[in-house]
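Read the structure below first, then the notes.
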Amino acid sequence: MAALESSVNAIRIAAAAADRLKATNQQAFDVSNLLGITDAMLVVSASNERQVLAVAEEIEKDLYLKDNKRKALSREGLELAQWILLDFGDFVVHVMHEEARAFYRLERLWNDCPSIDLQLPEHASETEDSSETEDSSETEDSSKAEDSSKAE
Numbered sequence: 001m002a003a004l005e006s007s008v009n010a011i012r013i014a015a016a017a018a019d020r021l022k023a024t025n026q027q028a029f030d031v032s033n034l035l036g037i038t039d040a041m042l043v044v045s046a047s048n049e050r051q052v053l054a055v056a057e058e059i060e061k062d063l064y065l066k067d068n069k070r071k072a073l074s075r076e077g078l079e080l081a082q083w084i085l086l087d088f089g090d091f092v093v094h095v096m097h098e099e100a101r102a103f104y105r106l107e108r109l110w111n112d113c114p115s116i117d118l119q120l121p122e123h124a125s126e127t128e129d130s131s132e133t134e135d136s137s138e139t140e141d142s143s144k145a146e147d148s149s150k151a152e
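Residue numbers (the UniProt record's numbering): 1 to 152.
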């Protein structure tokens, strides 16, 4: 049995929230056939404890606001902020410090499970950088054209 569509949609909301706060290495797995007690797992990394906490809070906030006031049934790891587990029942989110993630390597537990496409948008900063370069060169070209027409 595949993960419920509602679980997959909620995972995507959580992933988008984490992405906004610059979480990295996001991976989601459909574990419904393997575990039976939950449909999916989302694992994301953060570079420091403050970011781990911020990402977990943002995920909870977005799921509450965008997914019918969904709340975590259980929250663990808030004190140390090395690995925060948010259990939403039909899916579980792991927000991990990069070092903890490298140590525990949770993904290896679910390597045989299908991945879930998180449908994350391309990072705006990369797009903005390239469009700003194009915009500035177009502006320079039009300025040069105006200057040369004024000189004539």
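Where is the CB? At the ideal position from N, CA and C, for every residue including glycine.
Computed from a prediction, not measured in an experiment: that's the story for all the values here.
Need the endpoints of the beta strand (DSSP E) that residue i sits in, please.
| i | result |
| --- | --- |
| Gln26 | 24 to 30 |
| Leu42 | 40 to 46 |
| Ile84 | 83 to 87 |
| Ser74 | 74 to 76 |
Nearest to residue i by CA position, among the options, is which residue?
| i | options | result |
| --- | --- | --- |
| Arg75 | Asn68, Glu5, Val93 | Val93 |
| Met96 | Phe29, Phe103, Tyr104, Gln82 | Gln82 |
| Ile59 | Ala100, Leu73, Ile11 | Ile11 |
| Asn25 | Thr38, Ile13, Val44 | Val44 |
| Leu65 | Ile13, Leu4, Leu118, Ala2 | Ile13 |
| Glu98 | Ala2, Asn48, Ser6, Leu106 | Asn48 |
| Phe88 | Asp67, Leu80, Arg105, Gln119 | Asp67 |
| Gln100 | Gln119, Leu118, Leu80 | Just to set this straight, residue 100 is Ala in the shown sequence, not Gln. When only C-alpha atoms are compared, the closest one is Leu80. |
Just to confirm, are residue i and residue j a CB contact at a threshold of 8 angstroms?
| i | j | result |
| --- | --- | --- |
| Leu78 | Arg70 | no |
| Ala40 | Leu86 | no |
| Arg42 | Phe103 | The residue asked about is misnamed: residue 42 is Leu in this sequence, not Arg. No, these two residues do not count as a Cβ contact at 8 angstroms. |
| Pro114 | Asp30 | yes |
| Ala28 | Ala15 | yes |
| Leu4 | Gln51 | no |
| Ala23 | Ala46 | yes |
Could you spell out the range, first to last residue, of the alpha helix (DSSP H) harbouring residue i?
| i | result |
| --- | --- |
| Glu99 | 98 to 104 |
| Ser7 | 5 to 20 |
| Ile59 | 49 to 66 |
Nearest chain D C-beta to residue i closer than 8 angstroms, yes or no?
| i | result |
| --- | --- |
| Val95 | As a matter of chain content, chain D is missing from the structure shown, which is built from one protein chain. |
Quick one: measure Cβ to Cβ for residue i and residue j, integer angstroms, because I've assumed they're closer than 8 angstroms.
| i | j | result |
| --- | --- | --- |
| Ile116 | Val8 | 6 angstroms |
Handout entry: Stretch pair the segment 27 to 44 + the segment 108 to 122: three plus CB contacts closer than 8 angstroms
Key = yes
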